[in-house]
Amino acid sequence: MELSKRQDQIIEIVKANGPITGENIAEKLNLTRATLRPDLAILTMAGFLEARPRVGYFFTGKTGSELLSEKIKKYKVHDFQQIPIVVKEDVSVYDAISTMFLEDVGTLFVVNDHACLTGVLSRKDLLRASMGQQDLNNIAVHIIMTRMPNITVCRKDDLLLDAAQQLINKQIDGLPVVKDKDEGLAVVGRITKTTITRVFVELAIESHV
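If you count the sequence shown from 1, position 84 lands on 84 in UniProt numbering, and the numbers rise without skipping.
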């Protein structure tokens with residue numbers, strides 16, 4: 001598993017200051033705790049760090065090869081994927097904003113008449129489109145969405161750690177889980193930063209952290 005520059009920085013901070021809370025790590029990096037949470041989740045899931053409640057994070061001192069435990073390696077995307085929130089290409093930007101608000105998600109996946117992925121809509125896309133004097137009821141989402149093939153996807157049998165790393169590397173909130181169809185890629189699920197955080201919490205509970 002290749003770590004990002006920020007993840008390497010986190011490890012060095014924990015080595016020098018552990019036990020240290022997530023809040024204190026965030027302060028040293030001039031970041032918010034929310035921004036840092038996915039990185040901490042990945043480092044803990046992978047075994048580089050250990051977390052204890054009301055105490056903080058410790059460096060485990062383990063090597064990369066030791067951290068590839070059977071428990072971590074068996075975690076697949078399909079074990080944690082959620083129901084995808086999709087909209088059609090001809091849906092208006094106004095309706096897409098309403099859907100994002102009602103479903104309380106940060107990413108919408110755009111599909112065609114064959115229910116195959118053609119685009120992705122983020123909060124930033126919709127915010128950008130809402131600026132100005134445009135009538136959002138008359139703008140279809142296919143005009144503003146990020147289109148294939150410029151979309152990062154994952155599949156149900158991918159390792160969850162790999163999907164998590166994609167989220168961080170691409171700086172996106174969610175990945176569509178897809179499967180092949182004759183007409184294209186069908187959206188069958190989603191993996192988000194919230195998913196990764198939830199897995200981290202479940203791991204902590206299982207380990208009585």
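Virtual Cβ for every residue (Gly too), placed ideally from N, Cα, C.
- Residue 186: member of the beta strand (DSSP E) spanning 184 to 192, first to last residue.
- Between the C-alpha atoms of residue 187 and residue 24 there is a straight-line separation of about 39 angstroms.
- Remark: three or more beta-carbon pairs, one from each stretch, lie closer than 8 angstroms, so the stretch 167 to 187 and the stretch 137 to 152 are flagged as touching.
- Runs of the beta strand (DSSP E) lying entirely within the stretch 27 to 112 and spanning at least 3 residues, in chain order: 49 to 52, 56 to 59, 86 to 88, 107 to 111.
- In the displayed model, residue 174 falls within a strand according to three-state DSSP.
- Annotated three-state conformation of residue 4 is coil, per DSSP.
- Per DSSP, reduced to three states, the secondary structure at residue 181 is strand.
- Excluding sequence positions up to five before and after residue 29, its CB lies within less than 8 angstroms of the CB of 6, 9, 10, 13, 36, all in the same chain and listed in chain order.
- Residue 56 is a Cβ neighbour of residue 18, given a cutoff of 8 angstroms.
- Selection 171, 94, 54 evaluated against residue 143 yields 94 as nearest (Cα-Cα).
- When the five nearest sequence neighbours on each side are left out, the beta carbons in the same chain lying within less than 7 angstroms of the beta carbon of residue 21 are those of 56, in order along the chain.
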